[in-house]
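Chemist:
There are 4 protein chains.
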Amino acid sequence: MSTAAHVESAVTDPKLIEERRGQIVRAAVKLFSEEGFYTTTIQQIAREAGVSTGLIYQYFKDKDDVLFLALKLVLETYEHEIPPRLEGIKHPVERLCMALSAYCFIVDGLKQATVLAYRSTKSLRPDRRTLVKEDELRTNRLMEACVRACVARGYMCRVNEYLLAYQYVMFAHAWALKNWALRGRYSLAKYVSEGVRLLIEPFLTEKGCAALDAIRRRNGDFSREAGAAHQKPRRGRNAEAV
Amino acid sequence: MSTAAHVESAVTDPKLIEERRGQIVRAAVKLFSEEGFYTTTIQQIAREAGVSTGLIYQYFKDKDDVLFLALKLVLETYEHEIPPRLEGIKHPVERLCMALSAYCFIVDGLKQATVLAYRSTKSLRPDRRTLVKEDELRTNRLMEACVRACVARGYMCRVNEYLLAYQYVMFAHAWALKNWALRGRYSLAKYVSEGVRLLIEPFLTEKGCAALDAIRRRNGDFSREAGAAHQKPRRGRNAEAV
Amino acid sequence: MSTAAHVESAVTDPKLIEERRGQIVRAAVKLFSEEGFYTTTIQQIAREAGVSTGLIYQYFKDKDDVLFLALKLVLETYEHEIPPRLEGIKHPVERLCMALSAYCFIVDGLKQATVLAYRSTKSLRPDRRTLVKEDELRTNRLMEACVRACVARGYMCRVNEYLLAYQYVMFAHAWALKNWALRGRYSLAKYVSEGVRLLIEPFLTEKGCAALDAIRRRNGDFSREAGAAHQKPRRGRNAEAV
Amino acid sequence: MSTAAHVESAVTDPKLIEERRGQIVRAAVKLFSEEGFYTTTIQQIAREAGVSTGLIYQYFKDKDDVLFLALKLVLETYEHEIPPRLEGIKHPVERLCMALSAYCFIVDGLKQATVLAYRSTKSLRPDRRTLVKEDELRTNRLMEACVRACVARGYMCRVNEYLLAYQYVMFAHAWALKNWALRGRYSLAKYVSEGVRLLIEPFLTEKGCAALDAIRRRNGDFSREAGAAHQKPRRGRNAEAV
DNA sequence: AATGAATGAGTGTTCATTCAT
DNA sequence: TATGAATGAACACTCATTCAT
Numbered sequence: 001m002s003t004a005a006h007v008e009s010a011v012t013d014p015k016l017i018e019e020r021r022g023q024i025v026r027a028a029v030k031l032f033s034e035e036g037f038y039t040t041t042i043q044q045i046a047r048e049a050g051v052s053t054g055l056i057y058q059y060f061k062d063k064d065d066v067l068f069l070a071l072k073l074v075l076e077t078y079e080h081e082i083p084p085r086l087e088g089i090k091h092p093v094e095r096l097c098m099a100l101s102a103y104c105f106i107v108d109g110l111k112q113a114t115v116l117a118y119r120s121t122k123s124l125r126p127d128r129r130t131l132v133k134e135d136e137l138r139t140n141r142l143m144e145a146c147v148r149a150c151v152a153r154g155y156m157c158r159v160n161e162y163l164l165a166y167q168y169v170m171f172a173h174a175w176a177l178k179n180w181a182l183r184g185r186y187s188l189a190k191y192v193s194e195g196v197r198l199l200i201e202p203f204l205t206e207k208g209c210a211a212l213d214a215i216r217r218r219n220g221d222f223s224r225e226a227g228a229a230h231q232k233p234r235r236g237r238n239a240e241a242v
Numbered sequence: 243m244s245t246a247a248h249v250e251s252a253v254t255d256p257k258l259i260e261e262r263r264g265q266i267v268r269a270a271v272k273l274f275s276e277e278g279f280y281t282t283t284i285q286q287i288a289r290e291a292g293v294s295t296g297l298i299y300q301y302f303k304d305k306d307d308v309l310f311l312a313l314k315l316v317l318e319t320y321e322h323e324i325p326p327r328l329e330g331i332k333h334p335v336e337r338l339c340m341a342l343s344a345y346c347f348i349v350d351g352l353k354q355a356t357v358l359a360y361r362s363t364k365s366l367r368p369d370r371r372t373l374v375k376e377d378e379l380r381t382n383r384l385m386e387a388c389v390r391a392c393v394a395r396g397y398m399c400r401v402n403e404y405l406l407a408y409q410y411v412m413f414a415h416a417w418a419l420k421n422w423a424l425r426g427r428y429s430l431a432k433y434v435s436e437g438v439r440l441l442i443e444p445f446l447t448e449k450g451c452a453a454l455d456a457i458r459r460r461n462g463d464f465s466r467e468a469g470a471a472h473q474k475p476r477r478g479r480n481a482e483a484v
Numbered sequence: 485m486s487t488a489a490h491v492e493s494a495v496t497d498p499k500l501i502e503e504r505r506g507q508i509v510r511a512a513v514k515l516f517s518e519e520g521f522y523t524t525t526i527q528q529i530a531r532e533a534g535v536s537t538g539l540i541y542q543y544f545k546d547k548d549d550v551l552f553l554a555l556k557l558v559l560e561t562y563e564h565e566i567p568p569r570l571e572g573i574k575h576p577v578e579r580l581c582m583a584l585s586a587y588c589f590i591v592d593g594l595k596q597a598t599v600l601a602y603r604s605t606k607s608l609r610p611d612r613r614t615l616v617k618e619d620e621l622r623t624n625r626l627m628e629a630c631v632r633a634c635v636a637r638g639y640m641c642r643v644n645e646y647l648l649a650y651q652y653v654m655f656a657h658a659w660a661l662k663n664w665a666l667r668g669r670y671s672l673a674k675y676v677s678e679g680v681r682l683l684i685e686p687f688l689t690e691k692g693c694a695a696l697d698a699i700r701r702r703n704g705d706f707s708r709e710a711g712a713a714h715q716k717p718r719r720g721r722n723a724e725a726v
Numbered sequence: 727m728s729t730a731a732h733v734e735s736a737v738t739d740p741k742l743i744e745e746r747r748g749q750i751v752r753a754a755v756k757l758f759s760e761e762g763f764y765t766t767t768i769q770q771i772a773r774e775a776g777v778s779t780g781l782i783y784q785y786f787k788d789k790d791d792v793l794f795l796a797l798k799l800v801l802e803t804y805e806h807e808i809p810p811r812l813e814g815i816k817h818p819v820e821r822l823c824m825a826l827s828a829y830c831f832i833v834d835g836l837k838q839a840t841v842l843a844y845r846s847t848k849s850l851r852p853d854r855r856t857l858v859k860e861d862e863l864r865t866n867r868l869m870e871a872c873v874r875a876c877v878a879r880g881y882m883c884r885v886n887e888y889l890l891a892y893q894y895v896m897f898a899h900a901w902a903l904k905n906w907a908l909r910g911r912y913s914l915a916k917y918v919s920e921g922v923r924l925l926i927e928p929f930l931t932e933k934g935c936a937a938l939d940a941i942r943r944r945n946g947d948f949s950r951e952a953g954a955a956h957q958k959p960r961r962g963r964n965a966e967a968v
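Chains as they are written, first to last, in this note's numbering: chain A, 1 to 242; chain B, 243 to 484; chain C, 485 to 726; chain D, 727 to 968.
Below you can see the structure in the form of structure tokens.
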């Protein structure tokens with residue numbers, strides 16, 4: 001549905017397809033992110049990708065298709081880059097904190113692309129839009145699973161897991177969407193540690209808080225900045241769940 | 243700066259200007275919301291507004307200018323419609339809850355326009371973009387003021403007020419931005435009451451919680467659905483601040 | 485179905501529409517006739533018509549639509565220009581001869597356009613193609629009616645009127661289609677008089693032949709060339725019909 | 727002049743050339759016939775012929791050259807397929823009737839290709855167009871020779887042999903060109919027998935008519951349909967020629 | 001003040017043709 | 001010989017903007 005298989009003389013070599021598509025989509029993400037979908041021309045993408053205009057139509061059905069794969073690339077980055085960053089982490093609370101942190105750091109690396117997703121998803125044809133939304137939902141479920149693990153193991157009190165997970169997602173996205181308002185006030189690290197304080201800590205049980213304290217002692221408040229952990233505020237105390 | 247004062251044959255009668263602009267901008271908001279900025283043509287706006295294409299250029303400098311005023315209209319709706327809904331409400335906790343609720347209800351009535359703001363703000367020329375952002379910040383400060391009042395009066399523990407206020411904003415916006423994912427799960431009323439539970443209640447002091455309980459007994463959980471308040475979960479208890 | 489009513493800002497003034505359409509279609513017929521449909525660009529038509537490219541799309545849906553009206557113009561010329569040339573002519577045999585002659589003369593003035601019709605009718609969308617064919621059929625019926633009148637009045641023996649009429653049509657068209665082969669051998673007048681000899685005379689009854697002879701004495705063999713009638717060959721004699 | 731001899735890396739083996747060309751031209755005739763010259767792409771021809779796009783340019787100079795050979799193939803089919811069908815037929819009247827019949831049957835098998843010839847000959851470069859026209863003239867001469875033989879042997883009265891032969895050609899072509907109008911009224915066989923009645927019989931001498939009658943008794947009115955000959959109409963009687 | 005016809009630069013897309021392999 | 005990926009010029013069509021009325 002996203003391929004150029006319908007194109008008269010579509011390319012057949014799978015390796016080449018992968019390479020060219022990547023090449024073109026990367027150029028597209030860059031330009032769409034900077035200038036927006038409608039103001040970026042196919043010719044610009046071609047030039048940025050170092051190919052001819054015609055070539056793009058051997059790998060994509062139309063401009064919409066380029067956008068689709070560009071957005072998929074971004075959305076899949078979220079989905080694929082969080083798990084590796086959780087690897088080896090056992091403790092549910094630490095996993096949750098890391099998931100939030102990871103999401104924010106990934107978004108930080110894709111700030112413009114994240115904004116692009118918000119700007120341009122509606123420009124997609126409905127069927128493709130649906131597919132992109134499914135990508136987003138999968139990432140949401142990743143976050144939700146972290147929440148559930150905390151609740152299941154008694155580190156977090158009962159909450160609306162779905163909605164809380166969505167807050168994490170929005171919190172990460174906001175780093176890109178509202179970067180113009182946030183970057184003057186917070187470093188990314190600070191933003192993440194504040195996020196933990198606002199959106200995780202209040203829902204932890206005593207046991208969960210204890211775990212979080214331990215983690216902070218080790219990891220420094222999820223902040224890479226030295227001393228970022230010094231300002232220990234009063235935090236929510238939740239009774240043991242169940 | 244947004245006017246068409248530079249236009250050759252600009253109209254001079256201020257009353258007429260206001261009327262025509264409103265007429266055109268309302269049409270623009272409708273069409274931009276439905277179809278997006280780039281896919282809406284000036285001719286469509288003219289037809290929707292019941293005027294000629296040429297007329298638009300007597301009241302706006304260019305298409306960008308129409309977008310600018312359209313976005314301003316949306317952003318100012320947030321800013322202007324929240325205060326009246328808080329009128330007469332004295333208790334800081336209730337004000338905060340009502341502010342969140344009001345924001346969500348306003349967004350609900352402007353779902354597409356809210357999405358439009360996210361899609362199209364970057365399409366504005368930088369100077370106009372800045373002005374739109376300032377509109378948003380003013381609304382943020384409205385929310386922030388509500389938080390501060392709660393903290394000042396000891397209903398809420400010390401928090402990062404700026405960021406918490408931003409969570410409220412994002413939470414309201416999310417009702418529009420992620421409506422496709424949320425509407426199947428929550429009614430608006432339920433969404434709001436869950437918002438209170440996730441983003442307000444955890445930060446309340448005991449005193450604040452007591453106040454919230456009282457409000458809920460009166461107002462029914464900020465939910466219009468009968469019995470929506472029945473599922474009272476364990477909620478955060480915060481020690482008195484300071 | 486051929487209008488530009490679907491166009492965003494189609495023109496509304498009927499007088500203007502007629503004028504502009506005529507202006508553009510005339511340019512199109514000229515260029516399509518000379519260069520063919522596919523090798524003629526919209527820009528060329530615009531230039532030839534003395535208008536801008538964009539204007540064409542205010543009066544035509546697409547290039548196909550221009551072709552459609554161009555072909556209709558040609559086909560309707562046949563249909564509309566034959567009757568006036570028969571006006572005042574009473575005798576069925578003379579009417580038939582004049583019809584054939586008129587058709588050939590009209591085709592002579594539209595040689596390239598006639599070739600265009602053969603080249604490009606298949607390039608039309610099926611529904612429009614059908615409409616053009618109906619135009620052609622109406623002209624055929626004009627010819628057929630002339631044949632029928634001759635038969636009914638006993639000037640012509642019973643024949644397959646439909647097919648004979650079609651021979652007249654093809655004979656006239658051939659003057660355009662095969663002009664490259666014919667123009668070296670015959671003048672148009674000679675061609676017409678040979679047509680009468682081949683496709684009318686053989687089917688005349690004695691009475692019909694007598695009438696034809698009288699007509700020729702008056703009109704000079706349907707040939708404007710002096711002496712074109714000198715080579716009187718043996719011709720078909722048909723018994724009285726019925 | 728039609729070859730690809732000028733092509734950089736032209737193929738030299740004559741046998742291969744013949745084979746490849748045939749393969750490609752057959753595919754081209756099929757596609758051009760169905761879709762037209764301009765709407766058929768070289769890539770489609772390549773796929774239909776089961777070769778690569780590049781290969782076509784080793785056997786043809788350009789797309790125009792493919793069209794040229796495609797049209798030649800069609801035109802030569804007429805020229806080459808008529809004589810075999812006349813083989814063994816001695817009587818001039820029968821030969822003439824068979825020639826007309828054969829032409830119609832050949833056209834019937836090449837309906838779309840015949841239309842193609844009318845659509846696309848003008849798309850050829852002038853020099854190539856001339857060559858195609860010469861092919862057509864050779865077929866015309868085939869028909870003309872049949873007419874001449876009839877006249878010479880006294881079966882047909884004196885006529886404009888050239889033009890009559892052209893009528894036969896047009897009659898056959900019309901079966902393709904106007905098939906949309908004819909196929910509802912006549913079977914091919916009926917069409918042919920009507921053609922004999924309209925374009926041959928009227929010009930026969932008494933001797934010729936007698937011969938035709940005999941032929942019909944044997945061959946059934948040039949119609950494959952049983953009983954097609956039953957409806958014997960009044961037909962032209964010509965006095966002996968000379 | 002208002003109209004809407006006219007403009008023409010700009011864009012997505014196609015496809016004949018080339019050429020490295 | 002044969003391939004098919006790559007090219008880029010060319011074209012249909014759109015639409016923001018202008019301006020005569």
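Glycine residues also receive a C-beta, built at the ideal position from the N, C-alpha and C atoms.
Alpha carbon to alpha carbon, how far is V819/D from A937/D? Give it in angstroms, no decimals.
Modeler: 7 Å
Chemist: Would N663/C pass as an interface residue toward chain D - the criterion being a Cβ-Cβ separation below 7 Å?
Modeler: no
Chemist: Apart from the five residues just before and just after V586/C, which ones in its own chain have a Cβ nearer than 8 Å to its Cβ?
Modeler: Before going on, a small fix: residue 586/C reads as Ala here, not Val. So the qualifying residues of the chain are E565, I566, R569 and L570.
Chemist: Where does L204/A sit, in a helix, a strand or coil, going by DSSP?
Modeler: strand
Chemist: Kindly list, in the order they appear in chain B, the residues whose Cβ is closer than 8 Å to that of M98/A.
Modeler: By Cβ distance, chain B contributes nothing, its closest Cβ being about 20 Å from M98/A, past 8 Å.
Chemist: Given a cut-off of 7 Å on the beta-carbon distance, is the pair Y785/D and R747/D in contact?
Modeler: Contact flag set, yes.
Chemist: Tell me, please, which residues DSSP counts as bridged to M882/D.
Modeler: L930/D
Chemist: If you draw a straight line from the alpha carbon of A554/C to that of A907/D, how long is it in whole angstroms?
Modeler: 22 Å
Chemist: For F347/B, which of helix, strand or coil comes out of DSSP?
Modeler: DSSP places F347/B in helix when its eight states are reduced to three.
Chemist: Could you round the C-beta distance between L73/A and F32/A to whole angstroms and report it? I think they count as a contact, below 8 Å.
Modeler: Between F32/A and L73/A the Cβ distance is about 11 Å, and since that is not below 8 Å, they are no contact.
Chemist: Are V591/C and T605/C touching if we call contact CB-CB under 7 Å?
Modeler: Their beta carbons are not under 7 Å apart, which means V591/C does not touch T605/C by this criterion.
Chemist: State the Cα-Cα distance for the pair S123/A and W659/C, rounded to the nearest angstrom.
Modeler: S123/A and W659/C: Cα-Cα distance of roughly 56 Å.
Chemist: Between N402/B and chain A, is there a C-beta pair that is closer than 7 Å?
Modeler: Taking a beta-carbon distance threshold of 7 Å, N402/B counts as an interface residue toward chain A.
Chemist: Can you tell me whether DSSP reads Y844/D as helix, strand or coil?
Modeler: helix
Chemist: Give me the Cα-Cα distance between Y844/D and T767/D, rounded to the nearest whole angstrom.
Modeler: 19 Å
Chemist: Pop quiz: E645/C and V631/C are said to be a contact at Cβ under 8 Å. What is the actual Cβ separation, rounded to whole angstroms?
Modeler: Confirmed, about 5 Å.
Chemist: Using the beta-carbon count (16 or more within 10 Å), is P928/D buried or exposed?
Modeler: buried
Chemist: Does E87/A come within less than 7 Å of chain B when only Cβ atoms are used?
Modeler: no
Chemist: Taking the C-alpha atoms as reference points, what is the distance between A172/A and F279/B?
Modeler: 26 Å
Chemist: Mind pulling the chain D residues with CB within less than 7 Å of G520/C?
Modeler: Here the neighbours are K848 and S849.
Chemist: Quick one: list the residues of chain C neighbouring A900/D, beta-carbon separation under 8 Å, in chain order.
Modeler: Correct list: Y650 and M654.
Chemist: Would you mind reading off the limits of the alpha helix (DSSP H) that contains E920/D?
Modeler: For E920/D, the enclosing alpha helix (DSSP H) has its first and last residue at L914 to G921.
Chemist: Measuring straight from C-alpha to C-alpha, what distance separates Y155/A and P126/A?
Modeler: 41 Å
Chemist: I believe M627/C touches M896/D by the beta-carbon criterion, under 8 Å. Please report the beta-carbon distance rounded to the nearest angstrom.
Modeler: Between M896/D and M627/C the Cβ distance is about 15 Å, and since that is not below 8 Å, they are no contact.
Chemist: In chain order, what residues of the same chain have a beta carbon less than 7 Å from the beta carbon of V733/D, not counting five sequence neighbours either side?
Modeler: Model confidence at V733/D stands at a pLDDT of 49, short of 50, so the residue's coordinates are unreliable; what they give is reported in the following sentence. Cβ neighbours of V733/D beyond the five flanking positions: Y783, Q784 and K787.
Chemist: Return the chain-ordered list of same chain residues with a C-beta closer than 8 Å to the C-beta of L75/A, the five sequence neighbours on each side being excluded.
Modeler: A117, V132, D135, E136 and T139, listed in sequence order.
Chemist: Determine, using beta carbons only, whether Y360/B comes closer than 7 Å to chain A.
Modeler: yes
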